[in-house]
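**Student:** Note that the working numbering has the sequence shown beginning at 2, numbered continuously upward.
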Amino acid sequence: MLEFKDYLREKIHKLLEKKYPIDIMELEISYTPQQKMGDLALTFPFQLAKKLKKEPRKLALEIIPLISPLEGVERIEAAGPGYINLFLEREKFFSSQLRSTGKTSLSPEEEKIIIEHTNINPNKAAHIGHLRNACLGDTLGRCLKYKGENVEIQNYIDDTGVQVADVAFGFMELEKKTLSQIKEIKEKFDYYCWDLYARVSSYLESNPQAETRKSEILKKIEQGENPEHETANHISRRIIKAHLKTMGRIGVDYDFLPCESSVLHLKFWEKAFSLLKEKKAISLAKDGVNKGCWVMYLEDEPEKEKIIVRSDGIVTYVGKDIAYQLWKFGLLEEDFYYEPFIKEDGKIVWISTATPQKESPSFGKGSKVYNVIDRRQAYLQKIVVQGLKSLKYLSQAEKSIHFSYEMVALSPKSLKELGFSITEEEEKKDFLEVSGRKGLGVKADDLLDMLEKKALAEVEKRNPELSENLKKETAHKIATGALRYFMLKFALNSLIVFDFEEALSFEGETGPYLQYTVVRINSIFRKLAEREGFEEKDIKPLLSSKEIPLQKLSESEQVDFWDLVLYASKFEEEVLHSIRSLEFSHLAKFSFNLSQKFNAYYHLYSILAEENKEIKSIRILTIHYIREVLKRALSLMGIPQPELM
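1. Quick one: what does DSSP say T623 is sitting in, helix, strand or coil?
2. DSSP three-state label for V350, please.
3. Give the straight-line distance between the Cα atoms of F591 and Y32, rounded to the nearest whole angstrom.
4. Go through the stretch 338 to 418 residue by residue and report every complete run of the alpha helix (DSSP H) that reaches 4 residues or more, in order.
5. Is C1 helix, strand or coil by DSSP?
6. Can you give me the start and stop residues for the alpha helix (DSSP H) that P550 sits inside?
7. What residues in its chain sit with their C-beta under 6 Å from that of H477, if we drop five residues either side in the sequence?
8. What residue range does the alpha helix (DSSP H) around N134 cover?
9. In its own chain, which residues sit with a C-beta less than 8 Å from the C-beta of E212, not counting the 5 before and 5 after it?
10. Counting only the same chain and skipping the five closest in sequence on each side, list residues whose C-beta sits under 8 Å from that of E360.
11. For A61, collect the residues of the same chain with a Cβ closer than 6 Å to its Cβ; drop the 5 residues on either side in sequence, then sort them by chain order.
12. What do you get for H604, buried or exposed, if any count of 16 or more other CB atoms within 10 angstroms of its CB means buried?
13. Determine the burial state of G162: buried for a count of at least 16 other Cβ atoms within 10 Å of its Cβ, exposed for fewer.
14. Compute the distance between the beta-carbons of A398 and L327, then report whether it is under 9 Å.
15. By DSSP, does Y8 sit in helix, in strand, or in coil?
16. Run the CB neighbour count on D196, radius 10 Å, all protein chains shown included, and call it buried at 16 or more, exposed below.
17. What span of residues does the alpha helix (DSSP H) with K305 cover, start to end?
18. Which residue marks the beginning of the beta strand (DSSP E) containing A286, and which one marks its end?
19. What residues match up with S31 in a beta bridge as DSSP calls it?
20. Can you tell me the Cα-Cα spacing of S607 and R581, whole angstroms?
21. Does M638 come out as helix, strand or coil in the three-state DSSP assignment?
22. When DSSP builds the beta bridges, which residues end up paired with Y84?
23. Whose C-alpha, out of G347, E575, S363, E434, is nearest the C-alpha of D336?
24. Quick check: D139 and I129, are their CB atoms within less than 9 Å of each other?
25. Pull up the distance between the alpha-carbon of S181 and that of Y192, whole angstroms please.
26. Jot down the residue ranges of each uninterrupted alpha helix (DSSP H) in the stretch 158 to 191, minimum 4 residues, whole runs only, in chain order.
27. Give every residue of the same chain whose Cβ lies closer than 7 Å to the Cβ of S96, excluding the five residues on either side of it in the sequence, and list them in chain order.
28. Contact check, L277 vs K383 under 8 Å by CB: the rounded distance?
29. Can the beta-carbon of L219 be found less than 9 Å from the beta-carbon of A355?
30. Quick check: what's the CA-CA separation for K417 versus I423?
31. Whole angstroms are fine: how far does the CA of Y157 sit from the CA of L449?
32. Which residue wins for smallest C-alpha separation from Y225, given the options V253, V264, N208?
33. Could you tell me how far apart the beta carbons of L3 and E574 are, in whole angstroms, since I believe they sit closer than 8 Å?
34. Go ahead and pull the three-state DSSP assignment for L583.
35. G142: which of P123, I540, P643, G639 sits nearest, CA to CA?
36. Between G534 and E612, what straight-line distance do the alpha-carbon atoms span, to the nearest angstrom?
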């Protein structure tokens, strides 16, 4: 449909440009509210009427004869106060949609897009909030790649931060463990550190004097002094591997892991600091509470001081973020060194290092950057953009996008299922927030394990004859689909209240419902093969048929058929809309609505029992087309497609 709309705009503009002062950008093409009114609506007569001081309807009637030679349009009518409605040639349109299946009419707009997402502190296990971040960032990456963009996925690792120092403090001071003893820990390391981090937080609250030793550990980690540095490095690298494994469970992967330790040791910040001072983007506070600090002011909040470098010389997070953002756009002379971190299935995940290496892949130098970070970081992201603006990198500031979203909570019922103790008062609440610092967070792997366990119980109930391996594989795909759809279907500014029963339902607006729809279509083709010997290869001759006799369908089926096909044709528009608005709830809703429309259509019009060969062929082509659109939509959302359910 996107390609057809482009054709219409160009053709209409060409037919009218000599007679009317019309810009091609003004030729908006929308959809009519009802099928009987037409398929597409032109609204430009209203804008043009203002310029020409004419009545929109009279102008529309004047224009219609001039645009009548539109290929693919059966008839044109004026409607209401000045709309021009187009009725498409359905057979031609359906044929063109079938021929373009598997192709895309979208095209890239950037040289290179960098997406930074997940960004979990490597001090403990990933939690449920990280899953939403990863699902959003990964879906954005998939959609942009589908669009044809050159996309690089980065996952920034804060391996020298306060949180890693907390865990290093816990091992060295509370447990008195040496590095070799830490290496001998056999249990799930990210879980072990989760509990240790909570213990450290509690200990520091009751022993504030210990903060001095923790600060000392943090400084030594940043400066690369041992044993603190080696201890922190082992902790972070081991937990990063655990995080990648967790995210791999839901189909999320990365190209490059830039580490904060590399940013520090390769002097990225020093270069950025020098630039910021030179361009007077930051200033040294001479008095007040921030005396001795280097601070930055926001354009829209000039009275506010944001500390970039503390009075003791320590760079704040936002300072390092500015340096990293400059590197992402290729605005620093400095670059990382790179080494392979994980090699799996023919793909290498690279990690930054401060040590020169033989291999030297190319990362960074993006023309557009998305930072996927929750809404609580909005102010810091504004500071990062302000840093670019202050350095006169205005186009880069314009293309530095904060992909912001709300947090994830859990329903009391789900928390109970995960083994949390819930008071009577808490049970009455709609949702409960949890705190990782206090050890009450919901670990991502625990959530995924529970999802898979519940999905497996449903698979065993529905398909007891399957092998154990196939049951587990199917349960994993259903669990992944349930989680990913749940994380995408809500608007970004919505707080998500995760509930197992709601996410895993095979009915309603859920991932399993979408998966079930594709499985149902596959089942129809499987039965066609078993009963009639009709194979997938037999679709090709039907696709190449010059005529699709839609008139053979009953009037009611023609209406339902066209409603289904026309809606499915909007797929690429929904992909673009989702990318531009950063609201993947649009793509999720489109996929759900399309599944609903298909299931309603199939309920009314049988394929297997249809005796008329021409009608049967049309229905086979219809469900083939819908399946291809749904498969692409599910793939972009990272939802796997089980063989059966």
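All residues carry an ideal CB built from backbone N, CA and C; glycine is no exception. Predicted model, so just to flag it, every value in this text is computed and none were measured.
**Tutor:** Working from what's here:
1. As a first step, residue 623 must be located in the sequence shown, where it is residue number 622. Of the three classes helix, strand and coil, the one that applies to T623 here is helix, per DSSP.
2. Within the sequence shown, the letter at position 349 stands for residue 350. Here V350 carries a strand assignment [DSSP, helix/strand/coil].
3. On the sequence shown, residue 591 is found 590 positions in, with the first residue counted as 1. On the sequence shown, residue 32 is found 31 positions in, with the first residue counted as 1. Rounded to the nearest angstrom, the gap between the Cα atoms of F591 and Y32 is 15 Å.
4. Counting only runs of 4 or more, we get 379 to 391, 395 to 399, 413 to 418.
5. Here the chain covers residues 2 to 646 and nothing more, so residue 1 does not appear.
6. In the sequence shown, counting from the first residue as 1, residue 550 sits at position 549. Careful: P550 lies outside any alpha helix (DSSP H) and carries neither H nor E.
7. As a position in the sequence shown, residue 477 is number 476, starting the count at 1. The beta carbon of H477 lies closer than 6 Å to those of E453 in the same chain, with the five residues before and after it left out.
8. In the sequence shown, residue 134 corresponds to position 133, counting from 1. 129 to 147 is the span of the alpha helix (DSSP H), which, as asked, contains N134.
9. Position 211 of the sequence shown, counted from the first residue, corresponds to residue 212. L205.
10. The residue labelled residue 360 in the question sits at position 359 within the sequence shown. Contacts found: Y339, E340, P341.
11. Numbered from 1 along the sequence shown, position 60 holds the residue referred to as residue 61. These residues qualify, in order along the chain: P46, A79, G83, I85.
12. Start at 1 with the first residue of the sequence shown, and residue 604 comes out as number 603. The residue in question, H604, is exposed, as its Cβ has fewer than 16 Cβ neighbours within 10 Å.
13. The sequence position of residue 162 within the sequence shown is 161, counting from 1. G162 comes out buried.
14. As a working mapping, residue 398 is identified with position 397 in the sequence shown. As a working mapping, residue 327 is identified with position 326 in the sequence shown. No, the Cβ-Cβ distance between A398 and L327 is not below 9 Å.
15. Looking up residue 8 in the sequence shown gives position 7. In the three-state reduction of the DSSP assignment, Y8 falls in the helix class.
16. Within the sequence shown, the letter at position 195 stands for residue 196. Residue environment: D196 is assigned as exposed (fewer than 16 neighbouring CB atoms within 10 Å of its CB, all protein chains considered).
17. Translated into the one-based positions of the sequence shown, residue 305 becomes position 304. Counted as a single uninterrupted DSSP element, the stretch harbouring K305 is not any alpha helix (DSSP H) but the beta strand (DSSP E) occupying residues 302 to 310.
18. Numbered from its first residue, the sequence shown carries residue 286 at position 285. Per DSSP, A286 belongs to no beta strand (DSSP E) and is neither H nor E.
19. Locating residue 31 in the sequence shown gives position 30, where the first residue counts as 1. Answer is A42.
20. Numbered from 1 along the sequence shown, position 606 holds the residue referred to as residue 607. Numbered from 1 along the sequence shown, position 580 holds the residue referred to as residue 581. Each residue's alpha carbon lies about 39 Å from the other.
21. For the purposes of this step, residue 638 is taken as the residue at position 637 of the sequence shown. In the three-state scheme derived from DSSP, where H, G and I count as helix and E and B as strand, M638 is classed as coil.
22. Locating residue 84 in the sequence shown gives position 83, counting from the first residue. DSSP lists A80 as the beta-bridge partner residues of Y84.
23. Your numbering for residue 336 matches position 335 in the sequence shown. Minimum Cα distance to D336 is reached at S363.
24. Here the question's residue 139 lines up with position 138 in the sequence shown. Here the question's residue 129 lines up with position 128 in the sequence shown. Going by C-beta atoms, D139 is not nearer than 9 Å to I129.
25. By 1-based counting over the sequence shown, the position of residue 181 is 180. By 1-based counting over the sequence shown, the position of residue 192 is 191. Computed Cα separation, rounded: 19 Å.
26. List check, alpha helix (DSSP H) in window: 163 to 170, 180 to 184.
27. Position 95 of the sequence shown, counted from the first residue, corresponds to residue 96. I549.
28. Position 276 of the sequence shown, counting from 1, holds the residue named residue 277. Position 382 of the sequence shown, counting from 1, holds the residue named residue 383. Between K383 and L277 the Cβ distance is about 16 Å, and since that is not below 8 Å, they are no contact.
29. Within the sequence shown, numbered from 1, the residue matching residue 219 stands at position 218. Within the sequence shown, numbered from 1, the residue matching residue 355 stands at position 354. Their beta carbons are not under 9 Å apart, which means L219 does not touch A355 by this criterion.
30. For the purposes of this step, residue 417 is taken as residue 416 along the sequence shown, with counting starting at 1. For the purposes of this step, residue 423 is taken as residue 422 along the sequence shown, with counting starting at 1. Each residue's alpha carbon lies about 7 Å from the other.
31. Position 448 of the sequence shown holds residue 449. Position 156 of the sequence shown holds residue 157. The straight-line gap separating the alpha-carbon atoms of L449 and Y157 is approximately 23 Å.
32. Start at 1 with the first residue of the sequence shown, and residue 225 comes out as number 224. The amino acid at residue 225 is misidentified as Tyr; the sequence shows Gly. When only C-alpha atoms are compared, the closest one is V264.
33. Counting from 1 along the sequence shown, the entry for residue 3 is found at position 2. Counting from 1 along the sequence shown, the entry for residue 574 is found at position 573. The Cβ separation is near 5 Å, so the contact holds.
34. Start at 1 with the first residue of the sequence shown, and residue 583 comes out as number 582. Under the three-state reduction of DSSP, L583 is assigned to coil, being neither helix nor strand.
35. Counting from 1 along the sequence shown, the entry for residue 142 is found at position 141. The option with the nearest alpha carbon to G142 is G639.
36. Here the question's residue 534 lines up with position 533 in the sequence shown. Here the question's residue 612 lines up with position 611 in the sequence shown. In this model, G534 and E612 are separated by some 15 Å (Cα to Cα).
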